[in-house]
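As structure tokens, then:
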């Protein structure tokens with residue numbers, strides 16, 4: 211897919227999600243043939259001509275200034291990640307192919323491996339493509355089902371192609387849609403990544419649910435938040451996660467999963483008694 215088509219579909223999908231009421235426009239009590247805002251309404255909100263916005267929505271976004279992109283983002287009420295995605299699309303060439311990526315994503319620096327092993331809570335290293343490439347002992351215990359894939363552990367592949375994922379997450383539809391949105395965000399950032407293109411192609415071919423979620427055109431980037439699991443051995447777990455960038459190494463991200471102190475989650479995951487007593491070891 212060309213960058214023009216990608217930009218066009220993204221803008222149309224975001225426009226469809228904003229109602230006139232959400233945009234602060236008067237309700238003219240008229241039937242609408244399209245969901246969300248009309249092009250002329252977005253243009254009015256952004257302070258540009260309808261003709262100019264129409265050209266942007268056709269994919270002719272490459273020459274748009276930062277000021278115009280900011281105005282469009284405000285009119286469409288884009289999130290911070292969606293705004294960054296729009297800026298990435300504006301920087302892309304109009305016609306793209308793929309390139310082989312030799313970024314060393316499978317080679318985790320030894321210093322990073324040592325750091326991961328010294329962290330007490332579950333900690334992993336993952337790539338922007340959601341490959342799980344390193345994990346400490348608590349994380350290997352937590353993500354044992356994901357790590358069992360002979361082709362290499364990948365969260366998106368697990369979410370869509372492994373039937374155990376339905377029970378592994380407390381909210382599996384949210385988990386899988388989030389994974390698709392992360393891949394779309396990364397495709398906007400690096401459209402020439404051949405391995406990412408292959409992964410998206412595999413999931414599109416093998417999973418109708420991925421095709422459905424991909425068509426939402428949502429974008430997401432994990433930074434911090436809470437995840438809820440239903441682990442086959444450990445039971446239900448609610449863990450806070452933090453995604454840490456590795457300076458000078460854009461191909462790897464450090465992710466930690468922390469139970470809140472004094473909770474049953476801590477006891478299940480780390481063998482810590484919420485009462486404060488030392489855990490019993492036979």
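In the working numbering, the protein residues as written are 211 to 492.
Even glycine gets a Cβ: it sits at the ideal position worked out from N, Cα and C.
CA-to-CA distance, residue j to residue i, given in whole angstroms
| i | j | result |
| --- | --- | --- |
| residue 438 | residue 419 | 21 Å |
| residue 225 | residue 342 | 35 Å |
| residue 260 | residue 253 | 5 Å |
| residue 468 | residue 452 | 9 Å |
| residue 479 | residue 336 | 21 Å |
| residue 458 | residue 352 | 28 Å |
| residue 328 | residue 431 | 26 Å |
| residue 322 | residue 346 | 11 Å |
| residue 396 | residue 294 | 11 Å |
| residue 455 | residue 236 | 44 Å |
| residue 278 | residue 481 | 54 Å |
| residue 285 | residue 291 | 15 Å |
| residue 449 | residue 264 | 44 Å |
| residue 248 | residue 421 | 26 Å |
| residue 214 | residue 262 | 15 Å |
| residue 444 | residue 350 | 13 Å |
| residue 307 | residue 413 | Low local confidence applies: a pLDDT of 48 at residue 307 is under 50, so the model's placement there is unreliable, with the coordinate-based value given in what follows. Approximately 19 Å, taken between the alpha carbons. |
| residue 223 | residue 362 | 33 Å |
| residue 460 | residue 296 | 20 Å |
| residue 388 | residue 358 | 22 Å |
| residue 475 | residue 447 | 5 Å |
| residue 417 | residue 392 | 17 Å |
| residue 320 | residue 227 | 45 Å |
| residue 477 | residue 371 | 31 Å |
Per-residue burial, residue i [other beta carbons within 10 Å of its own, 16 or more giving buried]
| i | result |
| --- | --- |
| residue 403 | buried |
| residue 415 | exposed |
| residue 244 | exposed |
| residue 394 | buried |
| residue 268 | exposed |
| residue 216 | buried |
| residue 275 | exposed |
| residue 435 | exposed |
| residue 338 | buried |
| residue 229 | exposed |
| residue 246 | buried |
DSSP-derived helix/strand/coil call for residue i
| i | result |
| --- | --- |
| residue 329 | coil |
| residue 318 | coil |
| residue 478 | helix |
| residue 232 | helix |
| residue 251 | helix |
| residue 450 | strand |
| residue 364 | strand |
| residue 294 | helix |
| residue 271 | coil |
| residue 470 | coil |
| residue 345 | strand |
| residue 415 | helix |
| residue 214 | helix |
| residue 335 | strand |
| residue 377 | helix |
| residue 428 | coil |
| residue 463 | strand |
| residue 403 | strand |
| residue 439 | strand |
| residue 277 | helix |
| residue 445 | strand |
Cβ pair residue i, residue j closer than 8 Å
| i | j | result |
| --- | --- | --- |
| residue 406 | residue 400 | yes |
| residue 375 | residue 423 | no |
| residue 398 | residue 298 | yes |
| residue 255 | residue 233 | yes |
| residue 281 | residue 258 | yes |
| residue 334 | residue 465 | yes |
| residue 462 | residue 318 | yes |
| residue 207 | residue 219 | This structure cannot speak to residue 207, because the chain is shown only from 211 to 492. |
| residue 373 | residue 348 | no |
| residue 300 | residue 340 | no |
| residue 364 | residue 386 | no |
| residue 326 | residue 344 | yes |
| residue 266 | residue 221 | yes |
| residue 429 | residue 378 | no |
### Query
Would you call the stretch 377-390 and the stretch 463-481 touching, i.e. three or more CB-CB distances under 8 Å?
no
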